Structure formats: C-alpha cells, structure tokens
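What follows is a single structure, written as structure tokens, with notes after it.
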Amino acid sequence: MNIIDGKAVSASVKEQIRAEIERDGLEIGLAVIIVGNNQASRVYVNNKKKACEVCGIKSYEYALPEETTQEQLLELIDTLNNDDKVNGILCQLPLPSHLDEEQVIEAISPLKDVDAFNAVNVGKIMIGNYAFLPCTPAGVMELIHSTGTKVEGKECVVIGRSNIVGKPMAMLLLHENATVTICHSRTKDLAEVCRRADILVSAVGRADFVTADMVKDGAIVIDVGMNRNAENKLCGDVKYDEVAPKCSYITPVPGGVGPMTIAMLMKNTLMAKRIQSKDE
Ligand code: NAP
129 MNIIDGKAVS
139 ASVKEQIRAE
149 IERDGLEIGL
159 AVIIVGNNQA
169 SRVYVNNKKK
179 ACEVCGIKSY
189 EYALPEETTQ
199 EQLLELIDTL
209 NNDDKVNGIL
219 CQLPLPSHLD
229 EEQVIEAISP
239 LKDVDAFNAV
249 NVGKIMIGNY
259 AFLPCTPAGV
269 MELIHSTGTK
279 VEGKECVVIG
289 RSNIVGKPMA
299 MLLLHENATV
309 TICHSRTKDL
319 AEVCRRADIL
329 VSAVGRADFV
339 TADMVKDGAI
349 VIDVGMNRNA
359 ENKLCGDVKY
369 DEVAPKCSYI
379 TPVPGGVGPM
389 TIAMLMKNTL
399 MAKRIQSKDE
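Position in the sequence shown counted from 1, then plus 128, gives you the working numbering.
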C-alpha cells in the first residue's frame with residue numbers, strides 16, 4: 129500500500145505556477161469574497177491567500193458582514209468584473225441563507241470564474257473543451273496521475289453526485305476514457321458497485337462511510353470527504369485503518385485531496401490571466 133502525498137504534489141504544482149509567473153513577469157490578482165463569520169470558510173480563505181503568496185499572485189480580500197444584502201454583493205461582483213487588476217473572483221461558499229448562491233455564481237464573469245462553478249464553465253467541462261478546471265476533481269486527477277496509473281479502460285466509481293465534486297469528477301474520468309459509475313443515496317447494492325472499482329473516489333461527507341468490504345484488492349482509493357469525527361478531528365469518508373491495507377494507493381485526510389483543490393485554484397487564476405491577456 130502506498131500513501132499519496134497530496135501536500136507534496138500540491139507544493140510541486142504551486143512551484144511550477146510560481147516559476148511560470150516569475151518567468152513571464154505576470155501581474156495577477158485574485159479577489160476573494162467572504163460573507164459572514166463561518167469559521168470553516170475563514171480557514172479556507174486564509175489557506176487560499178497563503179497559496180497566492182507562495183505563487184506570486186496578489187490576493188484582494190473582501191470580508192463582508194453577515195447582513196450584506198444580495199444587491200450589495202452583486203454590486204461588488206460587478207465592480208470586480210470590471211477591474212483589470214482582478215483576474216479571478218471567488219466567493220467563498222456557503223453564503224448566509226438569505227443570499228441567493230446561484231445568482232451570485234452566475235454574476236461572476238465566466239472569464240474570471242476561477243472556481244468554474246458558473247454554468248458556462250460547467251457546460252464547457254461537460255463538453256470537454258474547457259480552460260478552467262473544476263478544482264477538486266482536477267486535483268484528484270493530478271493525484272491519480274502521480275501514481276503513474278493510466279486511467280483509460282479502468283472501472284471507476286464515484287460516490288456522490290454534487291455539482292462541485294461528484295459530477296465533474298465523473299466527467300474528468302470519462303474524458304480520460306475510464307468506464308465510470310456514479311453512485312448516490314439511492315444507489316442499490318452500493319458495496320457491490322464499489323467493489324468493481326479499480327479507482328474509487330468518495331465524495332459523500334460522512335466519516336467511516338467507505339469500509340473494507342466496499343473495496344477491491346489493489347484498488348486506488350481517493351478520499352474527498354472532509355468531516356469531523358467524534359473527537360472533532362478532521363477525517364475523510366474512508367475508514368482508513370481497515371481500507372488502506374487493501375489498496376495499491378490511498379489518499380490520507382488531511383494531506384490528500386484538500387491541498388490539491390487550492391493548487392488547482394491557483395492554476396485557474398494563472399489561466400484567467402492568460403485568457404484575459406488574449407483579449408487585450
Ligand atoms: P454534497 O453536495 O452533500 O453531496 C454528497 C453526495 O453524497 C450526494 O450526491 C449524496 O447523494 C451522496 N450520499 C449521501 N449519502 C449517501 C449514501 N448513504 N450512499 C451513497 N451516496 C450518498 O457534498 P459535496 O459538496 O460533494 O462534498 C462531499 C464531501 O467532500 C464533503 O465532506 C465535503 O466537505 C468534501 N469536499 C472536500 C473538498 C476538498 O477540497 N477536499 C472540496 C469539496 C468538498 P444524493 O445526491 O442522492 O443526496
């Protein structure tokens with residue numbers, strides 16, 4: 129069994145980005161909007177700002193109060209859409225419940241939508257002709273590639289069908305010619321379906337969800353889940369101690385997929401600059 133080191137792969141991706149930005153003397157800006165006082169969101173935003181520093185990207189933070197109105201938020205996004213210093217815009221989710229997330233996502237210019245959540249960019253990912261990567265799934269693909277495994281022809285099972293993780297994950301695997309099955313809460317005989325997987329990706333959001341009986345000997349297991357266990361420690365979806373011995377490769381939590389998502393965000397921000405420079 130081999131542990132895939134997401135921190136190391138992420139550091140190497142960020143170093144490539146930093147070197148490219150330095151080589152070409154690029155000035156790149158990422159606007160990060162955070163609304164309210166969600167502690168987890170604050171941690172994610174801080175990590176994104178740190179990654180910007182490492183890569184040589186300027187980050188502009190907009191920390192708005194909980195009571196921000198939809199109009200105020202849309203007005204800020206409009207200003208940022210028209211600000212040449214800002215190449216990428218991300219609005220940290222979830223937003224407070226009185227705000228309309230979908231409208232906010234759609235208000236971000238597709239050319240600056242570095243999370244690739246906008247319907248235009250989601251559609252491009254579906255077609256397979258895309259500039260912005262879906263960050264978490266693209267990070268998973270990098271981790272799979274880091275093992276030297278060819279995805280083509282493999283049986284891949286994705287547990288979860290969210291717009292952010294499960295669906296685009298399945299698309300990226302499909303684009304690399306895997307045979308892909310997507311599972312969800314209504315899937316029958318989940319364990320049996322999962323046992324078919326050469327590559328099993330879990331994006332459910334429940335600790336200890338993936339158990340050893342769901343995993344084929346020698347499978348690659350990628351754990352996207354970010355949960356808190358009974359001791360309030362960060363953990364994934366996979367019951368690591370019993371699953372790991374069966375795997376050829378497995379990602380730990382923390383230190384697996386998490387750091388990759390941010391590295392892919394940096395890649396998208398550099399891509400945004402490239403796309404916008406073409407239009408000049
Ligand atoms: P989500 O929107 O809640 O989706 C969860 C999916 O799991 C749904 O499709 C749901 O099925 C499925 N599911 C729930 N219970 C199930 C069951 N008993 N059997 C089979 N499928 C079941 O969550 P998400 O946004 O995709 O995130 C999933 C996890 O990944 C969370 O822990 C999140 O924190 C983590 N995450 C990590 C990163 C990272 O960078 N590492 C990034 C994003 C998300 P239905 O559709 O039928 O309800």
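Just so you know, even glycine gets a beta-carbon here, dropped at the ideal spot from N, CA and C. Just so it is clear, the structure is predicted and the values come from calculations on it, not from any experiment.
Looking at the structure shown, is residue i part of a helix, part of a strand, or coil, going by DSSP?
{"i": "Gly267", "result": "helix"}
{"i": "Arg151", "result": "helix"}
{"i": "Leu218", "result": "strand"}
{"i": "Tyr377", "result": "strand"}
{"i": "Thr309", "result": "strand"}
{"i": "Val242", "result": "coil"}
{"i": "Asn257", "result": "coil"}
{"i": "Val232", "result": "helix"}
{"i": "Val293", "result": "coil"}
{"i": "Glu370", "result": "helix"}
{"i": "Glu283", "result": "strand"}
{"i": "Ile403", "result": "helix"}
{"i": "Arg131", "result": "Rather than Arg, the amino acid found at residue 131 in this sequence is Ile. Three-state result, Ile131: strand."}
{"i": "Leu302", "result": "helix"}
{"i": "Lys395", "result": "helix"}
{"i": "Thr389", "result": "helix"}
{"i": "Lys252", "result": "helix"}
Could you tell me the alpha carbon to alpha carbon distance between residue i and residue j, rounded to whole angstroms?
{"i": "Arg289", "j": "Ser330", "result": "10 Å"}
{"i": "Ala191", "j": "Thr197", "result": "13 Å"}
{"i": "Ile145", "j": "Asn396", "result": "10 Å"}
{"i": "Glu280", "j": "His303", "result": "9 Å"}
{"i": "Ala168", "j": "Asp228", "result": "20 Å"}
{"i": "Asn175", "j": "Arg151", "result": "24 Å"}
{"i": "Met388", "j": "Ser138", "result": "5 Å"}
{"i": "Thr379", "j": "Ser274", "result": "12 Å"}
{"i": "Leu362", "j": "Pro382", "result": "7 Å"}
{"i": "Gln200", "j": "Ala244", "result": "22 Å"}
{"i": "Cys322", "j": "Glu203", "result": "46 Å"}
{"i": "Val182", "j": "Leu154", "result": "14 Å"}
{"i": "Ile255", "j": "Asn291", "result": "15 Å"}
{"i": "Cys284", "j": "Glu195", "result": "43 Å"}
{"i": "His226", "j": "Thr207", "result": "22 Å"}
{"i": "Val371", "j": "Lys401", "result": "42 Å"}
{"i": "Leu221", "j": "Asn166", "result": "9 Å"}
{"i": "Ile272", "j": "Ile131", "result": "11 Å"}
{"i": "Cys375", "j": "His312", "result": "22 Å"}
{"i": "Asn360", "j": "Ile403", "result": "42 Å"}
{"i": "Ser405", "j": "Lys367", "result": "46 Å"}
{"i": "Arg414", "j": "Arg356", "result": "This structure leaves residue 414 out entirely; the chain is present only between 129 and 408."}
{"i": "Thr277", "j": "Lys344", "result": "16 Å"}
{"i": "Glu70", "j": "Ile205", "result": "One cannot answer for residue 70 here, as it falls past the ends of the chain, which runs 129 to 408."}
Quick check on the burial criterion: 16 or more other C-beta atoms within 10 angstroms. Buried or exposed for residue i?
{"i": "Lys282", "result": "buried"}
{"i": "Val129", "result": "Correcting the residue type first, residue 129 is Met in the shown sequence and not Val. Per the 10 Å Cβ criterion, exposed."}
{"i": "Asp365", "result": "buried"}
{"i": "Thr339", "result": "exposed"}
{"i": "Asn249", "result": "buried"}
{"i": "Glu143", "result": "exposed"}
{"i": "Ile390", "result": "buried"}
{"i": "Val171", "result": "exposed"}
{"i": "Glu270", "result": "buried"}
{"i": "Asp369", "result": "exposed"}
{"i": "Pro193", "result": "exposed"}
{"i": "Ala179", "result": "buried"}
{"i": "Pro265", "result": "buried"}
{"i": "Lys316", "result": "exposed"}
{"i": "Gly346", "result": "exposed"}
{"i": "Ala136", "result": "exposed"}
{"i": "Asp212", "result": "exposed"}
{"i": "Ala325", "result": "buried"}
{"i": "Ala306", "result": "buried"}
Would residue i pass as a contact of residue j if the rule is Cβ separation under 9 Å?
{"i": "Ile327", "j": "Ile310", "result": "no"}
{"i": "Met392", "j": "Cys263", "result": "yes"}
{"i": "Met399", "j": "Ala259", "result": "yes"}
{"i": "Leu300", "j": "Val268", "result": "yes"}
{"i": "Ile287", "j": "Val232", "result": "no"}
{"i": "Met342", "j": "Ala319", "result": "yes"}
{"i": "Ile217", "j": "Leu261", "result": "no"}
{"i": "Met394", "j": "Val141", "result": "yes"}
{"i": "Ser237", "j": "Asn209", "result": "yes"}
{"i": "Ile149", "j": "Ile185", "result": "yes"}
{"i": "Gly134", "j": "Gly384", "result": "yes"}
{"i": "Lys177", "j": "Val214", "result": "no"}
{"i": "Thr163", "j": "Cys219", "result": "One detail in the question is off: residue 163 reads as Val in this sequence, not Thr. Going by C-beta atoms, Val163 is nearer than 9 Å to Cys219."}
Residue ranges of each alpha helix (DSSP H) run of no fewer than 4 residues wholly in the stretch 155 to 212, ordered along the chain?
Within the stretch 155 to 212, the complete alpha helix (DSSP H) runs of at least 4 residues are 167 to 183 and 198 to 209.
Beta strand (DSSP E) runs wholly inside the stretch 318 to 366, at least 3 long, in chain order
Within the stretch 318 to 366, the complete beta strand (DSSP E) runs of at least 3 residues are 327 to 330 and 348 to 351.
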